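**Student:** Numbering (our numbering), first residue to last: 11 to 263. Please read through the structure below; I'll follow up with questions.
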């Protein structure tokens, strides 16, 4: 294909991806009430525990604040809903230029990364109520907790994204191994550093007083790291065996 044909193909793929995103945003706009109800569960729990709902509320500080929040949520949710379409458009545009081996690696990477990302988001959703509850415990007697809706959404959204991405990092280690950048032994050799990083990250992502959430998150990350190291060692062994079968007797690899 010529450069002009590539640009026409790219435009077609972008149009389909944009249409899918718009449809996803429209659908997402009608379920924002359910999403808001889901993420504001900790606020209702705090209000119930304190026995005074008027002192614990979700606050919109501007006239258009509620509408703006729904638009932002619609974009984020619509992006996830339309992901199968726009990911396929990206894949369909790039795939003709890939070798069969690269296609196999890419499919394997996506098949592992996507479930791990959503699993991480789910873990973040489980940790989030504990984080908010403990942070609210520092409000002094006589004080009131008015959660700014925009800030509250940003906090929850960033927490879910950070935990979700942290679950995908072991997949990148396996990808580096398959690319020949790091061996399985090199990955496993850094287990002490990985454990320290996992604990520090979990301590930063969760309140210092919430030891249970911190240990749960750190434990999951450490298990994922050792799983990535184990897979890398397995791939190294298979690669070494395949090279030994290919090389003639007496040859040096």
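Backbone N, C-alpha and C fix where the C-beta goes; we use that ideal spot for every residue, glycine too. Predicted model only: the values in this text are computed from it and were never measured.
Could you tell me the boundaries of the beta strand (DSSP E) in which residue 160 lies?
**Tutor:** No beta strand (DSSP E) holds residue 160; the alpha helix (DSSP H) holding it covers 159-188.
**Student:** Pick helix, strand or coil for residue 156, following the three-state DSSP scheme.
**Tutor:** strand
**Student:** Give the straight-line distance between the Cα atoms of residue 138 and residue 253, rounded to the nearest whole angstrom.
**Tutor:** 48 Å
**Student:** Taking the alpha-carbon positions, what's the residue 183 to residue 159 distance?
**Tutor:** 37 Å
**Student:** Leaving out the 5 sequence neighbours to the left and right, which residues in its chain are closer than 6 Å to residue 114 when beta-carbon positions are compared?
**Tutor:** none
**Student:** Leaving out five residues on either side along the sequence, give the residues of the same chain with a beta carbon under 8 Å from the beta carbon of residue 90.
**Tutor:** 34
**Student:** Rounded to a whole number of angstroms, what is the C-alpha to C-alpha distance between residue 268 and residue 250?
**Tutor:** Nothing can be reported for residue 268, as the shown portion of the chain is limited to 11 through 263.
**Student:** Closer than 7 Å by C-beta to residue 31: which residues in its own chain qualify, once you throw out the five before and the five after it? Chain order, please.
**Tutor:** Same-chain partners within the cutoff: 88, 89, 92 and 96.
**Student:** Three or more C-beta pairs closer than 8 Å, one from the segment 200-212 and one from the segment 231-248: is that the case here?
**Tutor:** yes
**Student:** Based on the DSSP secondary-structure assignment, which residues constitute the bridge partners of residue 68?
**Tutor:** Bridge partners of residue 68: 157.
**Student:** Can you tell me whether residue 150 is helix, strand or coil according to DSSP?
**Tutor:** coil
**Student:** Answer with buried or exposed for residue 56, where buried requires no fewer than 16 other C-beta atoms within 10 angstroms of its C-beta.
**Tutor:** buried
**Student:** May I have the straight-line CA-CA distance separating residue 201 from residue 239, to the nearest angstrom?
**Tutor:** 9 Å
**Student:** To which residues of the same chain is residue 155 closer than 6 Å at the C-beta, ignoring the five residues directly before and after it?
**Tutor:** These residues qualify, in order along the chain: 66, 146 and 149.
**Student:** Give the range of the alpha helix (DSSP H) segment to which residue 42 is assigned.
**Tutor:** 42-49
**Student:** Since residue 102 and residue 21 should fall inside the 8 Å C-beta cutoff, what is the C-beta to C-beta distance between them, to a whole number of angstroms?
**Tutor:** No, residue 102 and residue 21 are not in contact; Cβ-Cβ is about 13 Å, not under 8 Å.
**Student:** Would DSSP call residue 4 helix, strand or coil?
**Tutor:** Nothing can be reported for residue 4: it is not among the residues displayed for the chain, which extend from 11 to 263.
**Student:** Please state the DSSP three-state secondary structure of residue 210.
**Tutor:** Three-state result, residue 210: helix.
**Student:** Quick check on the burial criterion: 16 or more other C-beta atoms within 10 angstroms. Buried or exposed for residue 177?
**Tutor:** Burial call: buried.
**Student:** If residue 163 and residue 82 are in contact, beta carbons under 8 Å, what's the gap, nearest whole angstrom?
**Tutor:** 7 Å
**Student:** Please report the distance separating the alpha-carbon of residue 263 from that of residue 44.
**Tutor:** Confidence is the limiting factor: at residue 263 the pLDDT is only 47, short of 50, which leaves the residue's position unreliable, though a coordinate-based value still follows. Distance between the alpha carbons of residue 263 and residue 44 is about 60 Å.
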